[in-house]
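Student:
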Amino acid sequence: MTRLFALLVLLMLAAPAVAQDFPVTIRHAFGETVIAAPPQRVVSVGYHEQDFLYALGIAPVGVHEWFGGRPYATWPWAEAARQAVAATPEVQNGYEIDLEWVLSLEPDLVVATFAPMDARSYAQLAQIAPVVGPPAGYPTWGAPWEEELRLIGQATGQGTRAETVIVDVAAQVAGLRQTYPQLAGLRGTMAYFTDGQFIGYRSSDGANRLLMQLGVTTPATFDQMAGPGGNFSISPERADLFDLDVVLWLVEPPSRKVIEALPTYAALRLAREGRSVWADELMMGAMSFQSPLSQAWALESLGAALAAAADGDPATVVPLEGVAR
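Take the sequence shown: its position 126, counted from the start at 1, is 122 in the numbering used here, and no numbers get skipped.
1. When the Cα atoms are used, what is the spatial distance from Ala80 to Gly223?
2. Going by CA-CA distance only, name the one from Gln286, Asn204, Ser251, Leu147 that's closest to Asp331.
3. Across which residues does DSSP place Gln193 in a beta bridge pair?
4. Measuring alpha carbon to alpha carbon, tell me which residue in Gly225, Gly211, Val242, Gly281 is nearest Trp293.
5. Tell me whether Val313 sits in a helix, a strand or coil according to DSSP, three-state version.
6. Do Trp62 and Gln324 count as a contact pair if the criterion is CB distance below 8 Å?
7. Looking only at its own chain, which residues have a Cβ that is under 7 Å from the Cβ of Gly42, when we skip the five neighbours before and after it?
8. Compute the Euclidean distance between the alpha carbons of Ala311 and Pro288, then round it to the nearest angstrom.
9. Looking at the unbroken beta strand (DSSP E) that takes in Thr21, where does it start and where does it end?
10. Checking the sheet assignment: what are the DSSP bridge partners for Ser272?
11. Decide if the region 63 to 77 is in contact with the region 156 to 170; the criterion is three or more beta carbon pairs, one per stretch, under 8 Å apart.
12. Could you round the C-beta distance between Pro103 and Val38 to whole angstroms and report it? I think they count as a contact, below 8 Å.
13. Taking DSSP's pairing of strands, which residues face Ile31 in a bridge?
14. To the nearest angstrom, report how far apart Pro126 and Gly192 are at their CA atoms.
15. Please report the distance separating the alpha-carbon of Gln36 from that of Pro249.
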């Protein structure tokens, strides 16, 4: 853990508790939820909400494993915050929400701001305990992490602390914009590759939103091509769509080899000038999680990596390549 991230965690954990009045009414994508008293047994059924709870100084009694197989479903960027609240939550595996598992934990609040939940499963969860659904007004899986954190903060009596965390991360972003002014105005995006297809994402995707905050803008055509899930796929013959100033690839090493061997990729300015950033396992996880803790962690090296890749010199070493952190 670097000195900067350790300081950020300490700042977040030192934030004062909030004297918030209850009951509170939370408005979210599935309606309104009334929470009568400060929750004591919080269960997270979404894929990344444990990070949000830890950032607010809350120890959940249950969390939902997304990917990675880490102890307590907690990745390195959130481990210090988990330990700080002495959280040892039960972990649910599997894609869908296990209602019986939730019931067995006797929660007084269910957090589901980034969960595989529809109106029916929301209604079922709401019979167990008050539920915080995803922020209203955004596409599925598309709400900014800041709005998620605000909702969770309101529901748990930690609204002021949530704002403190948001301000801290925004200050980190602002600092990087000053350090790397050359990123402003660049065209770029996050990309994936699977089953022989390039995968692109809308500009409101969490990773692309972070790139935009650093000055790197996703092409408007990506928004036009993205489907309801927020992404699109194209064959290697249309690799030219990714011929941008910089691309952050969230792919495993075998997929990287396949991409670099494609004639259509090799012909791109992106390849000739070494403008690709190849994320390692932890950066892939952090950019997928898009939580306040994962963003703070990712930003430590992301700015330098983007600047190195975007300089147009293929001989420049991009910091994320082959770096074990």
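The beta carbon of each residue, even a glycine, is placed where N, CA and C say it ideally should be.
Tutor: For this structure:
1. When rounded, the separation of the alpha-carbon atoms in Ala80 and Gly223 is 40 Å.
2. It is not possible to answer for residue 331, since the shown part of the chain is limited to -3 through 321.
3. Residue pairing for Gln193: DSSP places it in a beta bridge opposite Thr190.
4. Ranked by Cα distance from Trp293, the first of Gly225, Gly211, Val242, Gly281 is Gly281.
5. Three-state DSSP puts Val313 in coil, outside helix and strand.
6. Any question about residue 324 goes unanswered here, given that the chain covers just -3 to 321.
7. Taking Gly42 as the centre and dropping the five residues before and after it, the same chain places the C-beta of His60, Val107, Ala108, Thr109, Phe110, Ala111 closer than 7 Å to its C-beta, in chain order.
8. One C-alpha to the other measures close to 33 Å.
9. Here the beta strand (DSSP E) through Thr21 covers 20 to 24.
10. Under DSSP, Ser272 shares a beta bridge with Val243.
11. The answer is no - the region 156 to 170 does not touch the region 63 to 77, with fewer than three Cβ pairs under 8 Å.
12. Contact holds; Cβ gap of about 6 Å.
13. The partner list for Ile31 (beta bridge, DSSP) reads Val20.
14. So the alpha carbons of these two residues sit roughly 43 Å apart.
15. In a straight line, the C-alpha of Gln36 is about 43 Å away from that of Pro249.
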